[in-house]
Structures are given as C-alpha cells and as structure tokens.
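Enquirer: First residue of the sequence shown: -17, per my numbering; consecutive thereafter. Ideal Cβ placement from N, Cα and C applies to all residues, glycine included.
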Amino acid sequence: MAWLDRVDDQVDVLTKARALQEVSRSAEAYALLDRVLRTTRDPHARADALVQRLSALINLGRTAEYTRAIEEASAAVRDLAEPYLHGHLNALAALAAHHQGALDRCVTHLVKAARALGAVEDPDRDTAWGWHDLAMAYSYLSFHGYALGAIERARQLGTAAAIPEETFAAPGIRLRNAVALDHTGDSDGCLRVLRDVAGDLDRFVSAGRADRLRPSSLAAYGYAAARRAALGDGIPATGGSAPDRLLGHGADSARARDMRQLGQVCLAIADGRPIEAVTRLETVHVAAETLGAAEPARLRSMALGRAGDHAAAHRADRLAFRLAAQRHDRLRDVYIDGIAARIDHEEMRREAARFEGEALTDPLTGLPNRRRLERYIAAVVSRGERVVIGVCDLDGFKAVNTRHGHHSGDLVLQRVAGVINRVMRRGDFVARYGGDEFVVVLPGAGMSEAAEVARRIDAAVRTEDWESLVPGTPVGVSIGLSEVSAAGPGQRDALGAAFEAADREMLRAKTRPRSA
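1. How would you write the range of the beta strand (DSSP E) that LEU424 sits in, first residue to last?
2. Do you know offhand how far LEU349's Cα is from LEU195's?
3. Let me see if you follow: with CB-CB separation under 8 angstroms, is GLY462 close to chain C or not?
4. Taking C-beta to C-beta, are ARG397 and GLY190 nearer than 8 angstroms?
5. Exposed or buried, which one is ASP178 when buried takes at least 16 other CB atoms within 10 Å?
6. Could you give the uninterrupted runs of the alpha helix (DSSP H) lying entirely in the region 197 to 263, keeping only those of 4 residues or more?
7. Run through the region 4 to 34 for me and flag every whole alpha helix (DSSP H) of 4 or more residues, listed as ranges in chain order.
8. Leaving out five residues before and five after ALA95 in sequence, what residues of the same chain have Cβ atoms less than 7 angstroms from its Cβ?
9. Just grab the DSSP bridge partners of SER464 for me.
10. With the cut-off set at 8 angstroms, would you say LEU139 and ALA110 are in Cβ contact?
11. For GLY216, does the count of other Cβ atoms within 10 angstroms reach 16, so buried, or fall short, so exposed?
12. Pairing CB atoms from the region 122 to 133 with CB atoms from the region 43 to 58, are three or more of them under 8 angstroms?
13. What are the boundary residues of the alpha helix (DSSP H) that includes GLY181?
14. How is the beta strand (DSSP E) around PHE150 delimited, first residue to last?
15. Report yes if the C-beta distance between ARG7 and ALA202 is below 8 angstroms; otherwise report no.
16. Excluding the 5 residues flanking HIS386 on each side, which residues of the same chain have their C-beta closer than 6 angstroms to its C-beta?
17. Report the three-state DSSP secondary structure of LEU62 (helix, strand or coil).
18. Going by the CB atoms, is the gap between VAL423 and ILE402 shorter than 8 angstroms?
19. If you follow the alpha helix (DSSP H) that GLY366 is part of, which residue opens it and which one closes it?
20. Pick out whichever of GLU103, ALA160 and ILE145 has its Cα sitting closest to the Cα of SER121.
21. Pick from ALA144, ILE155 and TRP113: whose alpha carbon is nearest that of ALA136?
22. Taking the beta strand (DSSP E) that ARG414 belongs to, which residues open and close that run?
23. Residues in its own chain within less than 8 angstroms of ALA491 by CB, not counting five upstream and five downstream?
24. How many angstroms separate the CA atom of ALA285 from the CA atom of ARG262?
25. Under 8 angstroms by Cβ, that's how I've got ALA295 and GLY372 pegged, so tell me the actual separation to the nearest angstrom.
26. Let me confirm a value: THR493 is counted as buried when at least 16 other C-beta atoms fall within 10 Å, else exposed. Which label applies?
27. CA-CA distance, LEU183 and THR141?
28. Does DSSP put LEU376 in a helix, a strand or coil?
29. With ALA208 and CYS248 assumed to form a contact (beta carbons below 8 angstroms), what rounded beta-carbon distance in angstroms separates them?
30. Rounded C-beta distance between LEU244 and VAL260? I'm assuming under 8 angstroms.
31. State buried or exposed for GLU271, treating a residue as buried only when at least 16 other CB atoms are found within 10 Å of its CB.
32. Going by alpha carbons, who is nearest to GLU446 out of VAL405, VAL102, VAL369 and TYR415?
33. If distances are taken between C-alpha atoms only, which option among GLN308, ARG280 and ALA306 comes closest to ARG297?
34. Secondary structure at GLY454, three-state DSSP: helix, strand or coil?
35. Under the rule that 16 or more other beta-carbon atoms within 10 Å means buried, what is ASP410, buried or exposed?
36. What does the Cβ neighbour count give for GLU367, buried or exposed, with the cut at 16 atoms within 10 Å?
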C-alpha cells in the first residue's frame, strides 16, 4: 500500500502541493499546506502536510523557521509506523541542519533517513522523492559518492512509478562535485565533470524531453555551462541551452537564485568583463551551502586573473583553498566526534578517543599528514592485510620556488594533491609526507597493480597544465614502490624497511631517462 493510500483527508490538496514543489512553486504549496493544517483532524494528513511544509521552507530558504517546523513534524510522525515518512522527514531535517551549520546533527539525520527509506516494504512515488531529498543532503555535505547512489535509487523507484527520467536528472549533485574539485586545484577534473553534465542536457534536448526537466535542474545546467565558460571552455551562445536562459529558471528556489547570481559573474568573466564580475561579487549574497563557501572566492580569483591582477588573484585562490580545506576539516571532526559516538564499532570509538586533539591533517593540501599516515599503515598491517607503499617526490619543484616564489610552490603542491587523489583507486590512501614528498598506500594491491597506479600518477602530473600556473617550470614526479611484508612483532621494522626500499626506488626513478 502506497503512503497516500493511508491518508483519509484532503489527499487531492496534498497531491497538488507535491506537484507545485516539483516545479519549484514552493510558496504556493506552502499556502495549500497551511490550509490543510488548519482544517484537518486526520493524523496521517497532518503528518504529511508538516513534512511537506518543511520541504517548502527549505526550498524557500526560510532558515529561521526550520527548527520549529522540524519539531512539529517530528511530533506528528513519531507515533506513525510508516518508514517512508520517518525517512523523508530525516532527509529534510538533514538538509535543514546543514543549512544551519549543525553538521553533526546533519549526519545523524542522514544515517536515520537511509535506514528508514531502506526499510520501506512497498516503495512508491513518494519514497522516490524521499531518496531524492536524501541525495541532495548527501551532496550539500560533499558526500558525493553517497549522493550519486541515493539519486540512482530515486531514479529506479521513479521509473517503477512512471516518473520521467528527467525528473531525477539532479545535475546539481555533479555540479557541486565539479566545483569542489576546482576549489582544491583540480580544474581539469572539474571541466570533465561539467562536460558530462552538459552531455546529459544535450541528450534530453535531442530527444525532445528538455521540457520535462525541473526548473531547479535547468538552473543547475545553466550554472554548469556558465562555469565552463569562466574556465575557458566553449558553450552554446544561443538557443534553449544558452546558460543565461537556463539560469532564468528555478522559480522561487533559493538555491536557483544563488546560482543565477553567481552564474552572471561567471558569464562576465567568460565575456572578458572581469571588473564587472568583481563588482557583482561585492554585492551578491549567496548561501555557502549552495555551491560551497569557497565558490565566490574562487570566482574572484578567476576574475582578478583575467584583469591582470595576479597577486590579488593568488590571494583569492589561497582563500578559496583554505575555505575548502576548512570544510573538509569540519567534516572530519563530525565523523570522529559525531559518527564514531553513534556507530557500533568499539574499535573506531577507541581510535577517535586516541586521536582526539592531535593534528592529523596537512594544512596546505588538506591531506592526512605523516602522523596520520603512519598510524593508518600500522592499523592496516596489524590486521594482516597486504599493502604497497608508494613514495612520490616532485621533479622540478626547486625550480618553481626559485623562479616563482614559495606562494606559487604552495599552489603546485595543492594541485598535485588534487591530481594524485583523482587517479587513485577507491579505498586508497594519500598523504603529504613533508616538503614536496607524497605517500600513497594501496591496501590489497600487489606490485603489478601498484605499478599501474604509479603510471597513472606519473601521466596525470606530467600532462597537467603547469605552463599556465608556473610558466617555464614543468613539474613531474618520481615514484618508488615497496610492499610491506611483515606483521606482529616485526611490524615496525617492516614498515621502516618498506619506506627505505620505496625511497631507494624513487631515487632510482629520478635517474632514469623520461620518455617525451
């Protein structure tokens, strides 16, 4: 039995409110829901209206009303044995908590939402929307892999409920993934994701299905196109896929308004009007949650660079990176302080307590530092797992510092960190060991698999566009690999021997001739 089949009062009004929110007309939906709440005595109708009202408030960006709305919805849902309703409420509460900056509470709601939605026995159209809102919450928190998994679940349920594929296109998820890559120095990775987003829109347009896209999705497609243009990529100048037209969609969505404002900044940069872009940035007020707190600073850096003020552009770029790194640090704190206290693994809780107060992150690159690396390897090896260590030392880095200064050297280190992360396998570990040396840890890998990872790292660093960042000083990497081959009492000696062996291999790699 579907959820609305349990509702006995004003089902038509509740259904209409859903339809209005799907096309970003949340203010109208809110008025309908308020009427239901004033007149209904059906507990199911009241609970549904309160959950929908919370969704409308989030769409409208009325942050001050979130707390009371969550409390009222929670009280109405508490005694109803309906997993969908609990799951959707927790997904929306996670979004609200994120906008309020309460990341620990946000993650708690995410866990509860996923469990409840996964327990729905007869998933329907409403369950699909619950998974959609959960995907949005994951995405805003930068849990991009979870977001993609949740939106795929929403698509599957939506297809079964005859919801068009375009409804759950959710370009905003990949858009946030793209700009997060750019904030940490991986502009090429950002462009690749943005081109994929554009490819989806082209597919819908070619099939004549673009009119089925949600207004908020059209705004996200518009920002993706404008952001590509700001990075120097070609975009369509006219027609329905033109970014300025797409950015005009979104109705009363607060996030669409934010993308519209920042999208005009991107288009000014792309059109050779960098001073206008900087001026616009002085006046726009956008929520940090929409595209990340670092996005305005990153756009400012791009505009100042186009205007020829490279010193100011560099300062803005550093600010963008610091803001992105702070976000990662906050998420890490949430994970240790919030999640570790709630999950059932005593070992993780002991680790969290043991590491409390210790500095485990490199402040420049945002990667784990040497202390965290050594503890990670020790934990893996103590479990008897096979692991290969790779020592990566930059080639040409001294020349960067000599010719361009240490600030440019810092930018190179940041970009290298992003490049290495981009080509690693799922579950691999990357750390900054010190100076211009990085270490990768490949659990479960043999030397042949590790050699392939090393080849990818070498190729990615070698083909990066260093000329635009540090002209005349190409950057490369030399990599040495070694397998940790002992555990138990000989573990410390084995780790030391593996590092020494990897270092020797790295030094040999520096002396080998490189192919052109």
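Expert: Per the coordinate set shown:
1. The residue you call residue 424 lines up with position 442 of the sequence shown. Counting along the chain, the beta strand (DSSP E) containing LEU424 begins and ends at 419 to 425.
2. For the purposes of this step, residue 349 is taken as the residue at position 367 of the sequence shown. For the purposes of this step, residue 195 is taken as the residue at position 213 of the sequence shown. Straight-line Cα distance between these residues: approximately 38 angstroms.
3. The displayed structure is made up of one protein chain only, and chain C is not part of it.
4. Stepping through the sequence shown from its first residue, residue 397 is reached at position 415. Stepping through the sequence shown from its first residue, residue 190 is reached at position 208. No, they are not a contact pair.
5. Within the sequence shown, the letter at position 196 stands for residue 178. By the neighbour-count rule (16 or more Cβ atoms within 10 Å), ASP178 is not buried but exposed.
6. 197 to 212, 225 to 228 and 236 to 252
7. 8 to 21
8. Within the sequence shown, numbered from 1, the residue matching residue 95 stands at position 113. Excluding positions up to five away in sequence, the list reads GLY69, ASN72, ALA73, ALA76 and LEU116.
9. Along the sequence shown, read from residue 1 onward, the residue named residue 464 stands at position 482. Partner(s): ILE371.
10. Position 157 of the sequence shown holds residue 139. Position 128 of the sequence shown holds residue 110. Yes, the Cβ-Cβ distance between LEU139 and ALA110 is below 8 angstroms.
11. The count along the sequence shown starts at 1 and reaches residue 216 at position 234. Classification of GLY216: exposed, given that the 10 Å Cβ count is below 16.
12. no
13. Counting from one through the sequence shown, the residue named residue 181 turns up at place 199. It spans 169 to 188 - the alpha helix (DSSP H) in which GLY181 sits, taken as one unbroken run.
14. Within the sequence shown, residue 150 is the residue found at index 168, counting from 1. Unbroken run through PHE150: none, as it is neither H nor E.
15. In the sequence shown, the residue the question calls residue 7 occupies position 25. In the sequence shown, the residue the question calls residue 202 occupies position 220. No.
16. As a working note, residue 386 is residue 404 in the sequence shown. VAL452, listed in sequence order.
17. Taking the first residue of the sequence shown as position 1, residue 62 is located at position 80. The answer is coil: DSSP assigns LEU62 none of H, G, I, E or B.
18. As a working mapping, residue 402 is identified with position 420 in the sequence shown. As a working mapping, residue 423 is identified with position 441 in the sequence shown. No; because the gap between Cβ atoms is not below 8 angstroms, this pair is not in contact.
19. Counting from one through the sequence shown, the residue named residue 366 turns up at place 384. Looking at the DSSP string, GLY366 is not in any alpha helix (DSSP H), and its letter there is neither H nor E.
20. Mapped onto the sequence shown, residue 121 falls at position 139. It is ALA160 whose Cα lies nearest to the Cα of SER121.
21. Walking along the sequence shown from the start, residue 136 turns up at place 154. Of the listed residues, the one whose Cα sits closest to ALA136 is TRP113.
22. Here the question's residue 414 lines up with position 432 in the sequence shown. Note, ARG414: beta strand (DSSP E), 411 to 416.
23. As a working mapping, residue 491 is identified with position 509 in the sequence shown. The residues are SER460, ILE461 and GLY462.
24. As a working mapping, residue 285 is identified with position 303 in the sequence shown. As a working mapping, residue 262 is identified with position 280 in the sequence shown. Between ALA285 and ARG262, the C-alpha separation is close to 11 angstroms.
25. To locate residue 295, count along the sequence shown from 1; it is residue 313. To locate residue 372, count along the sequence shown from 1; it is residue 390. That belief does not hold up - the Cβ atoms of ALA295 and GLY372 are roughly 33 angstroms apart, past 8 angstroms.
26. Mapped onto the sequence shown, residue 493 falls at position 511. THR493 should be labelled exposed.
27. Sequence index remark: in the sequence shown, residue 183 carries index 201 (1-based). Sequence index remark: in the sequence shown, residue 141 carries index 159 (1-based). Cα to Cα, the separation comes out at about 19 angstroms.
28. The residue given as residue 376 occupies position 394 in the sequence shown. It is a strand residue.
29. Indexing the sequence shown from 1 puts residue 208 at position 226. Indexing the sequence shown from 1 puts residue 248 at position 266. Confirmed, about 4 angstroms.
30. Position 262 of the sequence shown, counted from the first residue, corresponds to residue 244. Position 278 of the sequence shown, counted from the first residue, corresponds to residue 260. Between VAL260 and LEU244 the Cβ distance is about 13 angstroms, and since that is not below 8 angstroms, they are no contact.
31. For the purposes of this step, residue 271 is identified with residue 289 of the sequence shown, where counting begins at 1. Buried, since its Cβ has 16 or more Cβ neighbours within 10 Å.
32. On the sequence shown, residue 446 is found 464 positions in, with the first residue counted as 1. Nearest C-alpha to GLU446: VAL405.
33. Working through the sequence shown from its first residue, we reach residue 297 at position 315. If we check each option's Cα against that of ARG297, ARG280 comes out closest.
34. The residue you call residue 454 lines up with position 472 of the sequence shown. DSSP places GLY454 in coil when its eight states are reduced to three.
35. Mapped onto the sequence shown, residue 410 falls at position 428. The residue is buried, with at least 16 neighbouring Cβ atoms inside 10 Å.
36. If you number the sequence shown from 1, residue 367 lands on position 385. Exposed: under 16 other Cβ atoms inside 10 Å.
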